[in-house]
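In this note's numbering, the protein residues as written are 3 to 251. Built from N, CA and C at the ideal position, the CB exists for glycine as well. Encoded as structure tokens, the structure appears first; notes follow it.
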Amino acid sequence: TFVPISGLTGANMQKKVGSDVCPWFQGKSFFDTLDDLEPVPRDPNAPFRLPVMDKYNEAGAMVMGKIESGAARVGQTMMLMPNKAAVKVAGLWRDEVECTKCNPGENVRLKLTGVNESDIQPGFVLCSPKQPILICDEIECQLALLELLEHNSVFTKGYKAVIHIHTATEEVEVTKLVSEIDTKLRKPKEGKPKFLKSGSLANVRLKFAQPVCVEKFADFAQLGRFTLRDEGKTIAIGKVTRLKPVSSE
Numbered sequence: 003t004f005v006p007i008s009g010l011t012g013a014n015m016q017k018k019v020g021s022d023v024c025p026w027f028q029g030k031s032f033f034d035t036l037d038d039l040e041p042v043p044r045d046p047n048a049p050f051r052l053p054v055m056d057k058y059n060e061a062g063a064m065v066m067g068k069i070e071s072g073a074a075r076v077g078q079t080m081m082l083m084p085n086k087a088a089v090k091v092a093g094l095w096r097d098e099v100e101c102t103k104c105n106p107g108e109n110v111r112l113k114l115t116g117v118n119e120s121d122i123q124p125g126f127v128l129c130s131p132k133q134p135i136l137i138c139d140e141i142e143c144q145l146a147l148l149e150l151l152e153h154n155s156v157f158t159k160g161y162k163a164v165i166h167i168h169t170a171t172e173e174v175e176v177t178k179l180v181s182e183i184d185t186k187l188r189k190p191k192e193g194k195p196k197f198l199k200s201g202s203l204a205n206v207r208l209k210f211a212q213p214v215c216v217e218k219f220a221d222f223a224q225l226g227r228f229t230l231r232d233e234g235k236t237i238a239i240g241k242v243t244r245l246k247p248v249s250s251e
């Protein structure tokens, strides 16, 4: 949906723009267009996923975050990953209102029993014990390079950056350039690339400094897309295509 607006005058933001200003546009204002959008389909019966955004202690362990998949109920047993702690939901709050059930897409607070607040970190994921999220030390991804740093303008094996994926932040290192993708044909080019430059699209393998809870983009889009940053600047965006789970030994 395309909507013309003016950031300078605010035209067509709240009130529909007149034909004297924009004679070719017959649609609605920006806010009305947003209000009429169909909500994103979310399955309350899907495996539960809540990346922990923040935590604190209030007569027990409290966690905050957005339910990306599934639903939560008071009394429900969950698993906190990656420390594999079995926890129970002792309380639920949505928009500061206590409730007994919360649905996907909602920002919530949960009181958990079975774990200490000090053992929880942002980036942990609260999930279904029957279908827990995977803990991975390496991923393969489709990466779109935006603009690399001037003094570090070549992206190759050994390149180090910081990944921001759901609520987790971790250092990563490029372990392999699998293939470069032709941006027009959207197909891998022949031969394996030795380096990439700004504007490239490629399949790349990344290794985490510490294991991270992550999903494939195709399975849980919100937990499988990420940005790469270097010295505080976003240099790439990507989506996870393959996972290498941590050995269970």
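Should residue i and residue j be called a contact, given that it needs their Cβ atoms to be closer than 8 Å?
i, j, result
"P84", "F126", "yes"
"A73", "L112", "no"
"I165", "L245", "no"
"A88", "G62", "no"
"A211", "E172", "yes"
"T79", "K90", "yes"
"I237", "A163", "yes"
"P1", "L136", "What is shown of the chain runs 3 to 251, which leaves residue 1 out entirely."
"K18", "S8", "no"
"V174", "L151", "no"
"Q16", "F27", "no"
"K191", "S200", "no"
Suppose you measure from the CA of residue i to the CA of residue j; what does that come to, to the nearest Å?
i, j, result
"N105", "L10", "38 Å"
"G193", "K178", "13 Å"
"G12", "A146", "33 Å"
"D45", "V216", "19 Å"
"E251", "P213", "Unreliable placement is indicated for E251, whose pLDDT of 41 sits below 50; no coordinate value is reported for it."
"R86", "C143", "In the sequence on display, residue 86 carries Lys and not Arg. Taking the straight line joining both Cα atoms gives about 26 Å."
"Y161", "P195", "14 Å"
"D97", "G77", "20 Å"
"V176", "V206", "7 Å"
"K259", "K218", "For the chain, the structure presents residues 3 to 251; residue 259 sits outside this window and is missing."
"M55", "P124", "5 Å"
"S71", "D22", "46 Å"
"A220", "M64", "30 Å"
"G234", "P25", "43 Å"
"E108", "K189", "37 Å"
"E119", "C129", "17 Å"
"D121", "M81", "13 Å"
"R231", "L225", "17 Å"
"L94", "E100", "6 Å"
"V42", "A48", "14 Å"
By DSSP's criteria, residue i is part of a beta bridge. Which residues make up the other side?
i, result
"L136", "V216"
"K178", "R207"
"V156", "In DSSP, V156 forms no bridge with anything."
"Q144", "N205 and K241"
"N109", "K68"
"E172", "I165"
"F197", "Per DSSP, none; premise fails for F197."
"V127", "P53 and M83"
"K103", "R75"
Could you round the C-beta distance between residue i and residue j to whole angstroms and report it? I think they count as a contact, below 8 Å.
i, j, result
"V110", "I69", "6 Å"
"T185", "L203", "5 Å"
"V5", "G29", "6 Å"
> For the stretch 68-98, which segments carrying the beta strand (DSSP E) assignment without a break, of at least 3 residues, lie completely within its bounds, in sequence order?
Replying inline: 79-83 and 87-96
>> My parser needs the beta strand (DSSP E) runs of 3 or more residues fully inside the stretch 212-247; what are they?
In response: 227-232 and 235-247
> Which parts of the stretch 6-63 are runs of the alpha helix (DSSP H), unbroken and 4 residues or longer, counting only runs that do not cross its ends?
Replying inline: 32-37
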